[in-house]
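As you go down the protein sequences, you meet chains D and V in turn.
Mapping the first sequence onto this note's numbering, position 33 (from 1) lands on 33, and the numbers just tick up by one.
Mapping the second sequence onto this note's numbering, position 385 (from 1) lands on 385, and the numbers just tick up by one.
C-beta: ideal position from N, C-alpha, C; glycine also.
Predicted, not measured: the structure shown is a model, and the values here were computed from it.
Input: a single structure, listed below in structure tokens.
Protein chains: 2
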Amino acid sequence: MAARNLLVAQSGGPTTAINASLAGVIAECMRHPEIGIVYGALNGIQGILDHRLIRLDTQFHSADDFRLLEGTPSSALGSCRLKMPSLADGREKYQAILDVFRALDIGYFLYIGGNDSMDTADKMAQFCREAGEDIKVIGIPKTIDNDLVGTDHCPGFGSAAKYIAATLQEIVCDAQVYPVKSVNVVEIMGRNAGWLTAASALARLHGSKAPQLIYLPEVPFDPEQFLSDLRKELDKQDSVVVAVSEGVKLADGRYVAESTQSGAVDAFGHKYLSGVGKYLEQMISAKVGCKVRSIELNVMQRCAAHILSKTDIEEARRAGEEGVKQALAGNTGVMMTFERVSDSPYLINVGTIPLSQVANGEKKVPLEWITPEGNNVTQEAVDHILPLIAGEIPQPSRHGIPLHFHFDQTVVKF
Amino acid sequence: MAARNLLVAQSGGPTTAINASLAGVIAECMRHPEIGIVYGALNGIQGILDHRLIRLDTQFHSADDFRLLEGTPSSALGSCRLKMPSLADGREKYQAILDVFRALDIGYFLYIGGNDSMDTADKMAQFCREAGEDIKVIGIPKTIDNDLVGTDHCPGFGSAAKYIAATLQEIVCDAQVYPVKSVNVVEIMGRNAGWLTAASALARLHGSKAPQLIYLPEVPFDPEQFLSDLRKELDKQDSVVVAVSEGVKLADGRYVAESTQSGAVDAFGHKYLSGVGKYLEQMISAKVGCKVRSIELNVMQRCAAHILSKTDIEEARRAGEEGVKQALAGNTGVMMTFERVSDSPYLINVGTIPLSQVANGEKKVPLEWITPEGNNVTQEAVDHILPLIAGEIPQPSRHGIPLHFHFDQTVVKF
């Protein structure tokens, strides 16, 4: 069998594990003579349409190079937010991609991304099949939100969860130094799924009671009940830390932050949009009157590669490696998955699921893992997340700053 | 000579190095039989007034205990913001503290803190002298702001600078993934001194051009010039990252953020106060119109003990150790200082300066280290900060989360 080439791309929001999957793909390709050249598309599917492809396999000269890429945050090949049309509405776009595949003798296409990317991969697999092309399409999951269905958890979540737990534990130390009543509200990513916010509970692993209150978007948020919960906690201790998902909603389904805007305009006459953390800060200041601060973990929770979960990075790499093996075995139109065999010892199997079963689903935190009061998570939630943050990866540094991997982005002419 | 006891306390804003100085003080005391019991006051000078003192030396059983305390963020003994009266106005407060010193046979008082704390220590030293009491008072500097005079730099700054540089480098990775024009504005602590914001330039150590624009409070901020600078950078590349000090001011001396409030009220009818990052985000959105995000490094920059500068932590410990030695040598009314002997190899001497020369000063970034355009720092600034972030300290962890030291806070009865 003549060697055929492989194309890999990254899409969606960046994570600290998406490059570990890329490293796994490239390394596995280099182990198999059936795979010729390894190409990478810059900025995901957009880069394929724009003919911006680079050669990857020639850029790795030692195990250290792979390690460096694994510790590099965000999509090293760049990303895109291109929403592909349906096959019925936009065949010319899929045809343009297939033309690139044919021009470069691509036999395998691996797409590392979240929900939308799995949808794109699904459609591309279908288009290739319908065109009678023997091109294997494999999806490699990544998302800090951990909301993809069909897999126990997603690469990228464990490192973000570890950052959140470790940072919350530090914020709790910072919050407790003054002997005055105070509230710190920490806003955490997750519009619809509260996995990351649930991870804040792991800040209590070493004995802290904080964060005392945790609010997920899976259950309605009642501002009056929140104030009541908060006052009870302030009676028990000086410093209360609240973890809240950016996506918490009122009972009527509106986002807490958006539903409660004052109509105020900023200095430039634009409607002022605050996040839920800032909104709760204002509410606590007005209604409780104690010292209050809001903290947004912002993009740091998805790019803080200086504190990686070893488990997450190893699993992300493995998802990439196994994806290549699946493609070589003739599988197509599937996403790589993790199946949890046991919590303790923590063991997983790597498997696959048809992309069509993933593309339009969304996995939320089970309601039974949220306390009846809706202001905390249960031990089951903690036990589920705990193994995913395990282990540290010392980052190679120079001059006190971590070293990252950067691709030579010279575009291949064809 | 009969052994006399030592009292140590922490004050001001927390840092990730303040506990390393505390560890140095306790360890050094345990090396000297001339020192009996080591007491710690909870919440600084306030804890002395309130008779909330705990015993420290009995809580350390191995070198690991000291290492754990060194890696624990924020003031492990708690802090306070108590502004002490002048000696003329409030002798009874100083007398109350002296009464505690006498009751517990305190011969040495070490106060770890910033500007205000050095002022308190200065007055207390003076009061003891005037009362004819042989009590040695030593100040140990700490501040992430790095603004204390009389010392090359302050314990606490190096670790905060390292966090800022490493995090900026990660934010730059995150900011570059989409091929669209975008601006990320990162707001960094420092009301009057721009040392921490200057440290953002170290994110360029490994070849990045970002942050392309850096604004310190030492020079006036001109919004029109900023927009012009920004547009020029956006012409050169898609992604521009701006580092800005929370304390940047207009030419008329008003803070940029406060001067430009719209008068808008929040959802509770209170005047809305945004930080400079949010303000610039709104301005860029209105005037430039590209994708824009503001990121506040918030308390993480002063409590992220999971990424410590080894140099900073070792120096902080040494400042504590040498402080004890100075007290034993009979010195009083002084603050410990670092004198830089050379940049490369990086060498310092530890010395002292009279507290009276420190108490009311403020050390800013030299104007010659800021570019003539006022939108960047020079290589001299980078060279100065570089050695202070050097070296990593692997943190002991369990279950994937760093371990911290917590004192048994049982108060001593007297």
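Cβ-Cβ distance between residue i and residue j below 8 Å
i: proline 211(V); j: alanine 203(V); result: yes
i: lysine 142(D); j: glycine 113(D); result: yes
i: threonine 15(D); j: glycine 156(D); result: yes
i: aspartate 229(V); j: asparagine 375(V); result: yes
i: aspartate 57(D); j: isoleucine 37(D); result: yes
i: alanine 9(V); j: tyrosine 111(V); result: yes
i: isoleucine 35(D); j: alanine 41(D); result: no
i: tyrosine 39(D); j: leucine 104(D); result: yes
i: valine 242(V); j: leucine 213(V); result: yes
i: cysteine 290(V); j: leucine 234(V); result: yes
i: leucine 403(V); j: leucine 68(V); result: yes
i: proline 394(V); j: proline 179(D); result: no
Best match in the options for proximity to residue i [C-alpha to C-alpha]
i: tyrosine 346(D); options: Arg231(D), Leu367(D), Asp147(D) and Thr311(D); result: Thr311(D)
i: phenylalanine 405(V); options: Arg340(V), Ala9(V) and Pro73(V); result: Pro73(V)
i: valine 288(D); options: Ile370(D), Asp343(D) and Lys181(D); result: Lys181(D)
i: glutamate 362(D); options: Arg81(D), Ser344(D), Gly44(D) and Asp119(D); result: Asp119(D)
i: cysteine 173(V); options: Asp65(D), Lys413(D), Gln46(D) and Ala76(D); result: Ala76(D)
i: glycine 330(V); options: Gly391(V), Tyr111(V), Lys136(V) and Val177(V); result: Lys136(V)
i: asparagine 192(V); options: Tyr163(V), Leu250(V) and Pro223(V); result: Leu250(V)
i: histidine 32(V); options: Met300(V), Gly40(V), Ser344(V) and Val324(V); result: Val324(V)
i: aspartate 64(D); options: Gly207(D), Lys232(D) and Pro396(D); result: Pro396(D)
i: aspartate 450(V); options: Tyr255(V), Gln326(V) and Glu322(V); result: There is no way to answer for residue 450(V), as the model of chain V reaches only from 1 to 414.
i: isoleucine 353(V); options: Ala96(V), Ile18(V) and Leu148(V); result: Leu148(V)
i: lysine 232(V); options: Asn298(V), Val183(V), Pro366(V) and Pro372(V); result: Val183(V)
i: valine 382(V); options: Glu373(V), Glu392(V), Val365(V) and Pro372(V); result: Val365(V)
i: glycine 90(V); options: Gly13(V), Ser62(V) and Lys123(V); result: Lys123(V)
i: glutamate 224(V); options: Glu392(V), Glu373(V) and Ala201(V); result: Glu373(V)
i: asparagine 360(V); options: Ile18(V), Glu130(V), Gly12(V) and Asn115(V); result: Asn115(V)
Same chain only: Cβ atoms within 7 Å of residue i, ignoring 5 sequence neighbours per side
i: serine 245(D); result: Ile188, Gly190, Gly194, Thr197, Tyr215, Leu216 and Pro217
i: glutamate 339(D); result: Asp152, Ile348, Asn349 and Gly351
i: serine 432(D); result: The requested residue 432(D) does not occur in the structure, where chain D is confined to residues 1 to 414.
i: cysteine 29(D); result: Leu6, Ile35, Val38, Asp57 and Val324
i: proline 85(D); result: Lys93
Close beta carbons around residue i, own chain, < 8 Å, minus the five adjacent residues each side
i: glutamine 126(V); result: Leu87 and Gly333
i: lysine 209(D); result: Gln237
i: glutamate 368(V); result: Thr378 and Glu380
i: phenylalanine 101(D); result: Leu7, Phe109, Cys128, Glu133 and Ile135
i: alanine 3(D); result: Pro33, Glu34, Ile35 and Gly36
8 Å contact criterion, which residue i and residue j should meet: CB distance rounded
i: glycine 150(D); j: valine 350(D); result: With a Cβ gap of about 13 Å, glycine 150(D) and valine 350(D) do not count as contacting.
i: valine 25(D); j: glycine 320(D); result: 4 Å
i: glycine 139(D); j: serine 117(D); result: 7 Å
i: alanine 166(D); j: histidine 306(V); result: 5 Å
i: glycine 277(V); j: glutamate 296(V); result: 5 Å
i: alanine 175(V); j: serine 239(V); result: 5 Å
i: glycine 44(V); j: leucine 82(V); result: 7 Å
i: glutamine 169(V); j: isoleucine 401(D); result: 6 Å
i: leucine 308(D); j: alanine 161(D); result: With a Cβ gap of about 11 Å, leucine 308(D) and alanine 161(D) do not count as contacting.
i: alanine 390(D); j: histidine 399(V); result: 7 Å
i: leucine 355(D); j: alanine 121(D); result: 6 Å
i: isoleucine 370(V); j: valine 177(V); result: Not a contact, Cβ separation roughly 31 Å.
i: phenylalanine 407(D); j: glutamine 59(D); result: 6 Å
i: valine 299(D); j: isoleucine 385(V); result: Not confirmed; about 24 Å, so no contact.
i: glutamate 322(V); j: methionine 336(V); result: 6 Å
Chain-order list of residues whose beta-carbon lies under 6 Å from that of residue i (same chain, five-residue window excluded)
i: alanine 20(D); result: Glu70, Ile313, Ala316 and Arg317
i: glutamine 409(D); result: Ile54
i: serine 294(V); result: Val185, Gly277, Lys278 and Glu281
i: cysteine 128(D); result: Ile135
i: tyrosine 163(V); result: Gln301, Ala304 and Ile307
i: arginine 52(V); result: Leu42 and Val411
i: aspartate 145(V); result: Gly190 and Ala193
Quiz item: If you scan the segment 4-66 of chain D from start to end, which runs of the beta strand (DSSP E) of 3 or more residues do you find wholly inside it?
Solution: 4-10, 35-41 and 53-55
Practice problem: May I have a chain-ordered list of the beta strand (DSSP E) segments no shorter than 3 residues that lie completely inside the segment 292-359 of chain V? | Solution: 334-343 and 346-354
Quiz item: Hey, which unbroken runs of the beta strand (DSSP E) at 3 residues or more fall wholly within the segment 149-224 of chain V?
Solution: 182-188 and 213-215
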